[in-house]
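Structure first, then comments.
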């Protein structure tokens with residue numbers, strides 16, 4: 013199992029090196045288009061917390077959103093669509109469902125459609141963003157501020173990020189438990205990609221983000237005692253599903269400003285559109301390898 017995590021970390025590091033210019037690019041043409049004819053549909057699902065960037069990631073992967081486009085609006089309660097991904101010489105016609113992040117009847121119905129004792133997609137992209145979630149409305153903003161405000165009344169970026177990470181972990185636990193309890197990996201689920209989006213916002217801390225999301229091991233193959241809860245859940249998922257293939261990759265769907273709170277200065281992208289484009293290329297290679 014240590015070799016598995018080493019390989020996942022190496023794939024993450026390769027994506028970072030591609031952006032930083034220390035790794036050469038492939039001549040392979042990668043991209044995406046609208047759905048074409050004559051291709052079989054490959055069912056996938058996108059899951060994750062509200063504001064993590066599920067819909068914009070799907071649009072980016074299918075060529076509907078460029079890295080320099082205006083910030084996307086909030087996704088609908090449930091989003092379904094057919095798109096064609098061009099993964100090098102391979103065309104993959106995707107039948108996808110973007111599952112609502114907020115707890116609702118629509119979310120439960122969507123989860124029952126994609127992960128039950130009788131149904132399963134072939135691939136699942138779970139979207140996270142290292143606590144840089146977009147808060148879409150004032151109700152959500154007030155709830156955030158009530159939970160993260162310090163005794164002196166101040167709000168910090170780290171405190172806000174930690175609050176989002178706690179919610180993100182609970183959501184990931186539910187997804188992992190559902191995969192295990194329904195036996196999805198024994199029927200149709202072949203792979204899971206943890207897409208760490210908005211990586212451009214924390215590029216100066218990209219190794220910290222990697223260590224939070226990707227389990228590591230020492231020279232003897234023992235896992236680190238100080239691993240995050242996310243790593244623990246990912247290990248548990250793999251321990252219960254030894255045939256399931258897993259990848260954890262950084263991604264940037266759009267270069268946008270991010271504000272943790274109205275009282276804090278906005279955070280800007282730390283890579284340019286070329287770097288974001290290379291992250292997309294790396295994501296496509298991972299997707300092609302798994303499919």
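Numbering (our numbering), first residue to last: 13 to 303.
The beta-carbon is built from N, C-alpha and C at its ideal position, and this holds for glycine as well.
Cα-Cα separation between residue i and residue j, rounded to whole angstroms
i	j	result
residue 297	residue 25	14 Å
residue 134	residue 154	38 Å
residue 187	residue 260	15 Å
residue 294	residue 150	36 Å
residue 241	residue 138	16 Å
residue 56	residue 126	9 Å
residue 164	residue 157	13 Å
residue 206	residue 20	11 Å
residue 238	residue 22	20 Å
residue 33	residue 181	32 Å
residue 70	residue 109	10 Å
residue 15	residue 274	44 Å
residue 258	residue 184	14 Å
residue 202	residue 195	12 Å
residue 243	residue 225	6 Å
residue 116	residue 124	13 Å
residue 49	residue 120	The predicted position of residue 49 is uncertain, since its pLDDT is 38 and thus under 50; a value taken from the coordinates is nonetheless stated next. About 32 Å.
residue 254	residue 130	20 Å
residue 152	residue 75	30 Å
Contacting residues, own chain, Cβ-Cβ under 6 Å from residue i (five flanking each side not counted)
i	result
residue 144	210, 213 and 270
residue 72	265
residue 252	192
residue 171	160
Cβ distance (whole Å) where residue i is taken to contact residue j below 8 Å
i	j	result
residue 159	residue 142	At roughly 18 Å, the Cβ-Cβ gap does not stay under 8 Å, so residue 159 and residue 142 are not in contact.
residue 204	residue 221	Not confirmed; about 18 Å, so no contact.
residue 246	residue 197	About 14 Å; that fails the 8 Å criterion.
residue 272	residue 173	7 Å
residue 128	residue 199	Going by Cβ atoms, the distance from residue 128 to residue 199 rounds to 10 Å, so no, they are not a contact pair.
residue 227	residue 17	5 Å
Own chain residues within Cβ distance below 8 Å of residue i, not counting five before or after
i	result
residue 54	104, 105, 106, 107, 134, 135 and 303
Contacting residues, own chain, Cβ-Cβ under 7 Å from residue i (five flanking each side not counted)
i	result
residue 31	283, 287, 290 and 291
residue 276	167 and 169
residue 28	218 and 262
residue 65	139, 141, 209, 210 and 265
residue 179	61
residue 215	282 and 283
residue 189	none
Proximity below 8 Å, CB of residue i to CB of residue j
i	j	result
residue 111	residue 58	yes
residue 249	residue 191	yes
Runs of beta strand (DSSP E) lying entirely within the region 237-284, each at least 3 residues, in chain order
257-262
Check your understanding: What are the start and end residues of each continuous beta strand (DSSP E) run of 3 or more residues lying completely inside the region 180-236, in chain order?
Key -> 203-208
**Study point:** Those runs of the alpha helix (DSSP H) which lie wholly inside the region 147-184 and span at least 4 residues
**Key:** 150-160
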